Ligand code: HEC
Ligand code: HEC
């Protein structure tokens, strides 16, 4: 009973001790918060911020870099213009373009989805780390400018634009920036276009036609010409063939590129987590769409070394004895084996 009988002095002493302890705690909290703030601000203000982004290696799925880290004010402005040009290319360079009238009305983003950042959406994740590089199509070392002009001349069916132009510089800075977290020479998983396994038969345009009419015409239209916006400044749904589509020299004109692209991207909304086409459907759709009329191009300088020609380039000459028809529609496995043998 005596223990519970605390006198007023003992109580006061206890209270004083509590207050002291509380002060000490507050002081410690203050110090910790200050240190955290200091760390936070120095990191965000320093040019070194890029280094903090962990480099991506070959086994990791790609994700875009922290876009504008490490850019100067001027580069940052170009980056923003570059992104705008990727998304709304036609408004600046298309048939009614503000800057020049040079391209077919398509936007880079039509084929490089989410401004070139989507996993397996033909993103630009591997570009900074891999250019300049040797490309078999030209047989030369190509820098990023040459590669961009390649898509302008083929996918956008236009004329190459000047390297010094503000537009080219802006596109280059944008494409480089989003891939800057990738180690040089590495092409991480999820960048570019997915490599679809082959079918053990020829791919079939007739089957593709039925699939196209069931799954694609609500947007790309029965005639494949897509749909312009009200003022014909850019497409709401881009064309898959016809005069305003990519020409026969474009990457998508190769069946493997087309099939791999649509597998995880079409119909609109499809993704690696939500594919909507089987492999067979993707291949047969490629066969149908790439049998329709589209702009031509002189390809005589392409693939100067025959042993570096891809199996699905549908134009002679070849080192092997397969026909143009089989190079276009397959079965592809036998061709790939023949190409491998010829390289030994
Ligand atoms: C009709 C579709 C299409 C359009 C439009 C298009 N591209 Fe491409 N682009 C491709 C294809 C297909 C590839 C080759 C991908 C592959 O083989 O992995 C490619 C490749 C590239 C690459 C090289 C990527 C790499 O990893 O090597 C760059 C850079 C590029 N395009 C930039 C552009 C720019 C800039 C525009 C707009 C001015 C554009 N493209 C418009 C289809 C297109
Ligand atoms: C709901 C509308 C919609 C449907 C359905 C759809 N697409 Fe697309 N497709 C688009 C849009 C929009 C783009 C351009 C994406 C962008 O700019 O972000 C596109 C782009 C494309 C491209 C690259 C650009 C080009 O025009 O060459 C191809 C190839 C393509 N679609 C094929 C198909 C195929 C094959 C189907 C049917 C399996 C299909 N799409 C169904 C809306 C659709």
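Residue numbers (the numbering used here): 469 to 812. For glycine and all other residues, C-beta sits at the position ideal for the given N, C-alpha and C. The structure presented is a predicted model; accordingly, all values stated were derived computationally and were not measured.
For the candidate residues the options, whose alpha-carbon lies nearest to that of residue i?
i	options	result
residue 819	761, 781, 529	Nothing in the structure corresponds to residue 819, since the chain is present only between 469 and 812.
residue 590	565, 691, 570, 719	719
residue 710	692, 534, 716, 704	692
residue 804	779, 531, 734	779
residue 538	734, 649, 656, 792	649
residue 629	561, 585, 689, 721	561
residue 704	694, 552, 671	694
residue 798	570, 723, 739, 549	723
residue 631	640, 480, 623	640
residue 545	637, 581, 572, 714	637
residue 647	593, 696, 674	593
residue 549	534, 532, 533, 567	567
residue 588	766, 697, 728	728
Would you mind sorting residue i into buried or exposed? The rule is 16 or more other CB atoms within 10 Å of its CB.
i	result
residue 752	buried
residue 520	Bear in mind that the predicted position of residue 520 carries a pLDDT of just 36, short of 50, making it unreliable; the figure below should be weighed with that in mind. By the neighbour-count rule (16 or more Cβ atoms within 10 Å), residue 520 is not buried but exposed.
residue 515	Note that residue 515 scores a pLDDT of 41, beneath 50, so its modelled location is shaky and nothing firm can be said.
residue 517	With a pLDDT of 39 at residue 517, under the threshold of 50, the modelled position of this residue cannot be trusted, and the question is left open.
residue 512	With a pLDDT of only 48 at residue 512, under 50, the local geometry of the prediction cannot be trusted, and no value is derived from it.
residue 769	exposed
residue 808	exposed
residue 621	buried
residue 478	exposed
residue 615	buried
residue 813	As shown, the chain starts at 469 and ends at 812. That puts residue 813 outside it, with no answer to give.
residue 618	buried
residue 678	exposed
residue 756	buried
residue 653	exposed
residue 501	exposed
residue 635	buried
Following the continuous alpha helix (DSSP H) through residue i, name the residue where it begins and the one where it ends.
i	result
residue 615	612-621
residue 801	801-811
residue 555	541-555
residue 685	685-688
Tell me residue i's beta-bridge partners as DSSP assigns them.
i	result
residue 591	660
residue 696	703
residue 650	524
residue 529	657
residue 608	603
Taking residue i as part of the beta strand (DSSP E), name the residues at either end of that continuous run.
i	result
residue 601	601-603
Mind pulling the alpha helix (DSSP H) runs of 4 or more residues that sit fully within the stretch 720-746? 723-731
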